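A.B. asks: All residue numbers for the sequence shown refer to the numbering used here, where the first residue is 1 and numbers rise by one. Note that beta-carbon positions come from the ideal geometry of N, C-alpha and C, so glycine has one too. Treat the numbers as computed from the prediction; the structure is a model and nothing was measured. One structure, as structure tokens, below. Some questions next.
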Amino acid sequence: MSAGFTIAQIPSLVGKTFVVTGANTGIGLITAKELARKGGDVILCCRSEAKATEAIQKIQSEFKQANVESAGKLEFIQLDLQSLKSAEAAARAIRQKKQRIDVLINNAGIMAVPFALTKDGIESQFGTNHMGHFVFTTLLLPLIPRDGSGRIINLSSIAHKSPYSVGLLNLDQLFVPTHRLRVPNRKPKRSTLPANRTAIQTVQFALYQGARGQTAPIQSYAVHPGVVNTELDRNLPAGLGPIIGGIAKFMYPYVSISPENGSRTSLAAATFPELGVPNGTYFVPQGKPETPTRFARDPALADKLWSISMEITKKVLGDEVAAEIEKNVSA
1 MSAGFTIAQI PSLVGKTFVV TGANTGIGLI TAKELARKGG DVILCCRSEA KATEAIQKIQ
61 SEFKQANVES AGKLEFIQLD LQSLKSAEAA ARAIRQKKQR IDVLINNAGI MAVPFALTKD
121 GIESQFGTNH MGHFVFTTLL LPLIPRDGSG RIINLSSIAH KSPYSVGLLN LDQLFVPTHR
181 LRVPNRKPKR STLPANRTAI QTVQFALYQG ARGQTAPIQS YAVHPGVVNT ELDRNLPAGL
241 GPIIGGIAKF MYPYVSISPE NGSRTSLAAA TFPELGVPNG TYFVPQGKPE TPTRFARDPA
301 LADKLWSISM EITKKVLGDE VAAEIEKNVS A
């Protein structure tokens, strides 16, 4: 892939099943479409059933007009990443199908949002970009083959290279137990967890999975798709302030690439038969391996992230679910 991965390089995917989060718009929509075009069955995991249904109909209509033959099946599973109970329910709904999941693509995410807590009391960017996917992914592990062919793709960002010196935040900076949610109005106007931290955590999650995959080889990769013109920019004025955010939102269409181009890195990591890279590799556009920052590669931070993730899981979903996750990871 030295010249850059192209859509034309996607091999036949007939007989394979893919799970894509946030598949109703942007990179996720293009990813789902191109996987199905090559014959892969795709489960679109989205918060809104109406938007997912519209996306499926749009893809099917395009295929019909283009006379695409042997397209894969498209189906919807409801997933709200801001609720760990929803992430658990979505994973269990997929597991009830008792079908092999060849590739899981954790595509959904938010960026530069004003400070908010999820339904579980988790800082919203950490809750959506990491914790929702953490629960969803680890509960799906029994369906992903461990023969070296199964893959997990985690979308991250070049933002993980932003100045970062304080390490991972502590539990009490990320999580407010639900019985303490009614507190005085002292919330900051902007998120206390910048996008660069959740980007680093996404890379760390992939690297941690990759390290564990040395003995039970599910291939786990992190992906920076590029600066892509999607709905991610919608919160820039509110998240970064009216002046900086307004300028950033104005400039975004001029410095960004299309979702079609942005999807190429995810599709490379998900479908290229012989990547020839170590488990846990970080990819940049379009499918080029690159070394992530030393913070992303710090094993102590990765261990801390895993410990915090498990502790939040126990507090929200209970000891039984946490024990199930530990069993899945150790299998």
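Taking a contact to mean a Cβ-Cβ separation below 8 angstroms, would you say A270 touches V103 in this structure?
C.D. replies: Going by C-beta atoms, A270 is nearer than 8 angstroms to V103.
A.B. asks: Return the first residue and the last residue of the beta strand (DSSP E) that T137 is part of.
C.D. replies: That residue, T137, is in no beta strand (DSSP E); its alpha helix (DSSP H) goes 132 to 140.
A.B. asks: Does the region 265 to 283 touch the region 31 to 40, meaning 3 or more C-beta pairs lie closer than 8 angstroms?
C.D. replies: At 8 angstroms Cβ cutoff, the stretches touch.
A.B. asks: Can you tell me which of I56, F175, F295 puts its alpha carbon nearest to the alpha carbon of S83?
C.D. replies: The option with the nearest alpha carbon to S83 is F175.
A.B. asks: I think A108 touches T21, with their Cβ atoms under 8 angstroms apart; what is that distance to the nearest whole Å?
C.D. replies: Rounded, the Cβ-Cβ distance is 4 angstroms, consistent with contact.
A.B. asks: Figure out for me which residue from N106, L117, F136, Q57 has the closest Cα to the Cα of I94.
C.D. replies: Selected option, being the one with the closest Cα: F136.
A.B. asks: Between the C-alpha atoms of D319 and S309, what's the straight-line distance to the nearest angstrom?
C.D. replies: Going from the Cα of D319 to the Cα of S309 covers about 13 angstroms.
A.B. asks: Within a Cβ cutoff of 6 angstroms, which residues of the same chain sit near T128, ignoring the five residues on either side of it in sequence?
C.D. replies: Result list for T128: L81, Q82, I110, in chain order.
A.B. asks: Cutting at 6 angstroms between CB atoms, please list the residues of its own chain near G39, excluding the five before and the five after it.
C.D. replies: Excluding residues within five positions, the ones whose Cβ falls inside 6 angstroms are S12, L13, V14, S70, G72.
A.B. asks: Provide the residue span of the beta strand (DSSP E) that contains E290, from first to last.
C.D. replies: Residues 288 to 290.
A.B. asks: L79 and A332 - do their beta-carbons sit closer together than 8 angstroms?
C.D. replies: The question about residue 332 has no answer, for the chain in this structure spans 1 to 331.
A.B. asks: Decide if E54 is buried, meaning its Cβ has at least 16 other Cβ atoms within 10 Å, or exposed.
C.D. replies: The residue is exposed, with fewer than 16 neighbouring Cβ atoms inside 10 Å.
A.B. asks: My output table needs one value for T313: the three-state DSSP class, helix, strand or coil.
C.D. replies: DSSP places T313 in helix when its eight states are reduced to three.
A.B. asks: With a Cβ-Cβ cutoff of 8 angstroms, do Q99 and R151 count as a contact?
C.D. replies: Contact flag unset, no.
A.B. asks: Using the Cβ count rule (16 or more neighbours within 10 Å means buried), how would you classify H179?
C.D. replies: At H179, the pLDDT of 49 sits below 50, so the modelled position is not reliable and the matter cannot be decided from this model.
A.B. asks: How would you label E260, buried or exposed, when you count the other beta carbons within 10 angstroms and need 16 or more for buried?
C.D. replies: Result: exposed.
A.B. asks: Spatial neighbours of D303 within its chain, please: CB distance less than 6 angstroms, with the 5 preceding and 5 following residues excluded, ordered by chain position.
C.D. replies: There are no such residues.
A.B. asks: Within its chain, find whatever has a CB closer than 6 angstroms to the CB of L155; leave out the 5 residues flanking it on each side and keep chain order.
C.D. replies: If we look at L155 and ignore the five residues flanking it on each side, its Cβ neighbours are N107, V223.
A.B. asks: Nearest to I30 by alpha carbon, out of F283, R47, A52?
C.D. replies: That would be A52, whose Cα lies nearest to the Cα of I30.
A.B. asks: Got a sec? Which residues, its chain only, sit under 8 angstroms from D147 by beta carbon, not counting five neighbours each side?
C.D. replies: The residues are P217.
A.B. asks: Give me, in chain order, the residues of the same chain whose beta-carbon lies closer than 8 angstroms to that of R182; leave out the 5 immediate sequence neighbours on both sides.
C.D. replies: Low confidence applies here, because R182 scores a pLDDT of 48, under 50, leaving its location unreliable; read the following figure in that light. So no residue of the chain qualifies.
A.B. asks: Which residues in the same chain as G28 place their Cβ atom closer than 6 angstroms to its Cβ, once the five residues preceding and following it in sequence are excluded?
C.D. replies: Result list for G28: V20, G22, N107, in chain order.
A.B. asks: I59 by DSSP, collapsed to three states: which one?
C.D. replies: DSSP places I59 in helix when its eight states are reduced to three.
A.B. asks: Suppose you measure from the CA of R264 to the CA of N279; what does that come to, to the nearest Å?
C.D. replies: Approximately 19 angstroms between the Cα atoms of the pair.
A.B. asks: Whole alpha helix (DSSP H) runs in the region 26 to 101 with 4 or more residues, listed along the chain?
C.D. replies: Entirely contained in the region 26 to 101, the alpha helix (DSSP H) runs reaching 4 residues are, in chain order, 26 to 37, 49 to 65, 84 to 95.
A.B. asks: Report, in whole angstroms, the separation of the C-beta atoms of I153 and I105, which I expect to be a contact under 8 angstroms.
C.D. replies: Going by Cβ atoms, the distance from I153 to I105 rounds to 5 angstroms, so yes, they are a contact pair.
A.B. asks: Among K327, A331, I312, E326, whose alpha-carbon lies nearest the alpha-carbon of K85?
C.D. replies: Nearest C-alpha to K85: I312.
A.B. asks: Determine the extent of the alpha helix (DSSP H) in which S266 is found, giving its start and end residues.
C.D. replies: Taken as a continuous stretch (DSSP letters only), the alpha helix (DSSP H) holding S266 covers 259 to 271.
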